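So the protein sequences, as listed, match chains A and B.
As numbered in the working numbering, residues 1 to 86 make up the first sequence, in order.
As numbered in the working numbering, residues 87 to 329 make up the second sequence, in order.
Glycine included, C-beta positions come from ideal geometry on N, C-alpha and C.
Predicted model only: the values in this text are computed from it and were never measured.
First the structure, in the form of structure tokens, and then the observations on it.
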Amino acid sequence: MITREEIIKQTNDALKKEFEFKDEQLVPTAQLKDDLCLDSLDAVDMVVVLEQKFGVTLRQGYDLRTIVTLNDLYDFIEKLAKAHHK
Amino acid sequence: MERLRTCFNTFFIGAAALLWLAVSAAVAAPFLWLTAADQRARAIRKFVYVQSRGIVFFMRLAGRGLRVEKAARPSGSCILAANHASALDLYTIGAFGFDNILYITKGWVFKLPFFRYVMNGAGYIDAEKTSPQEMLNACENAVKNGCDIMLFPQGSRKNPRARFKSGAFYLAEQLDLPVIPVAIAGTQKMLPAGSFAIRPARIVLKTFPAVYPKDYPGELGHLRMAQDIKKQIMDFVDKENEK
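Structure, rendered in structure tokens:
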């Protein structure tokens, strides 16, 4: 099963590639909206990018508005990956 | 010499440009006010075009040459996506002859004294107040009325290398409109963000051939289009800035 470290690395790699972020921006406490300036459409794009990366569905049955920081995002993907593995 | 030219540009040409904006607005205001309500927004957009042509003239006076390279535009409406590094960028679009443009900009422009009347009157869209669906509807209506849509996908002048957000390209995808990449080089040197001094600079404005959403299929097509268009524009701007 994928580890949290791998989730963090793969998420950050995807965000760097698709949204041109730099390493120093991608700290766990970074807020998606205020610090990374992701708007609502960016959030949708990010979800699609991460779905393709991890092969999980992030859009259905979950409230994505609860994801405020990068750490929330890592937690969310980890939870989904665990559920998917079971 | 450069400093002297900057002083002249700032205090004489800059003042003349502001005077042009104020006097032309004062002269046009009664006529625009008398225009039939359903035609007024279009008339104001044409007026903004005339003002832009004037500002481009002043930029020619203040600069070290202003070159315009235009690719053939497609028939029908299109989306114009430009890099953004200076307050002058908004006016440079006048050099390309697009005379019925719907701008989508940040909210603060709608709060500026005097400008807010033009922004609201012309029906321009406040990107921060409008939901994606409302924006889509407003753009659809604008296209029906023959407007082209103009956005600065970087969203701010503060970082000239900022990524191109994908909103403009999502609109293109949803409305099936071609995107014309617009490169603006030199305005960053002439009037950078946060400065009031108008430095002499060589300005180069270029439109590239239209890019079509159908060439970017898939769920993330608009993201790829944003990345490709940014590369095309910034490669040109970097090359021109090095000269």
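Residues of the segment 183-200 of chain B that bring their beta carbon within less than 7 Å of a beta carbon in chain A are absent altogether.
The beta carbon of B:Val204 sits closer than 7 Å to those of Ile130 and Val134, all from its chain and outside the five residues before and after it, given in chain order. Residue-level contact by beta carbon holds for B:Pro218 and chain A, with a gap shorter than 8 Å. Neighbours of B:Arg249 in chain A, taken as residues at a C-beta separation under 8 Å, are given in chain order as Phe19 and Glu20.
In this structure, DSSP gives B:Ala271 an extended state, which the three-state scheme calls strand. When C-alpha distances from A:Phe21 are compared across A:Leu36, A:Pro28 and A:Arg4, the shortest belongs to A:Leu36. Within chain B, the residues Pro218, Lys251, Ser252, Gly253 and Tyr256 have their CB atoms less than 8 Å from the CB of A:Leu41, given in chain order. Exclusion of the five residues before and after A:Met46 leaves no residue of its chain whose Cβ lies closer than 6 Å to its Cβ. Residues of chain A with a Cβ closer than 7 Å to the Cβ of B:Glu305 are, in chain order, Val48.
Interface annotation, A:Asp45: in contact with chain B, CB-CB separation under 8 Å. For a cut-off of 8 Å, the C-beta gap from B:Ala269 to B:Ile235 is around 18 Å, too long to register as a contact.
Counted as a single uninterrupted DSSP element, the stretch harbouring B:Val109 is not any beta strand (DSSP E) but the alpha helix (DSSP H) occupying residues Gly100 to Leu120.
Beta-bridge partners assigned by DSSP to A:Gln31: A:Thr69. Residue state for B:Val154 is assigned as strand, using DSSP reduced to three classes. Taking the C-beta atoms as reference points, B:Arg126 is found nearer than 8 Å to B:Leu118. Looking at B:Met145, B:Phe182 and B:Phe143, the one whose alpha-carbon comes closest to that of B:Phe294 is B:Phe182. Sequence-distant partners of B:Gln260 (beyond 5 residues in either direction) whose C-beta falls short of 8 Å from its own C-beta, in its chain, are Leu222. Setting aside the 5 residues that flank it on each side, B:Gly140 is surrounded in the same chain by Trp106, each with a C-beta closer than 6 Å to its C-beta; the list follows chain order. In this structure, B:Cys233 lies away from B:Leu176, with their beta-carbon atoms at least 8 Å apart.
Straight across, the Cα-Cα distance linking A:Asp42 with B:Ala208 is about 28 Å. Linking B:Asp301 to A:Leu73 through their CA atoms gives a straight-line distance of about 32 Å. Residues of chain A whose Cβ lies closer than 7 Å to the Cβ of B:Leu309 are, in chain order, Glu18 and Asp45.
Assigned with DSSP and collapsed to three states, B:Pro218 falls in helix.
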